[in-house]
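Residues 21 to 93 in the numbering used here are what the sequence shown spells out, letter by letter. Ideal Cβ placement from N, Cα and C applies to all residues, glycine included. Notes for the one structure printed next.
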Amino acid sequence: MNVIACGGRHVSGDDYRSKVIKALSASNAGTTFNILINPGDNYGAVYMAREWANINNIPIKTFKADFNRNHQC
């Protein structure tokens with residue numbers, strides 16, 4: 021299964037990290053992840069998900085946002 025990681029940018033702390041890890045681990049136990057798709061943020065929930073994927077040998081694909089394209093966002 022391909023999984024997209026997205027989420028809050030302003031989250032931190034061991035309690036939140038624990039929730040992200042538990043959610044990803046439970047989902048991966050039911051249906052194995054083939055790849056984690058993410059926007060490459062170096063903070064928040066996306067960073068935590070990418071960290072988890074690295075530890076669990078899940079391939080990661082990053083698609084950076086192009087905020088200048090079509091002057092949107």
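In the structure shown, the three-state DSSP call for N77 is coil.
For A69, same chain residues with a beta-carbon under 7 angstroms away, outside a window of 5 residues either side, are A25, V40, L44, L56, N58 in chain order. Taken through DSSP and simplified to helix, strand or coil, V23 comes out as strand. Cβ-Cβ separation between N54 and M21: approximately 6 angstroms, consistent with a contact (criterion under 8 angstroms). Rounded to the nearest angstrom, the Cβ distance from K84 to G60 is 5 angstroms, consistent with a contact under 8 angstroms.
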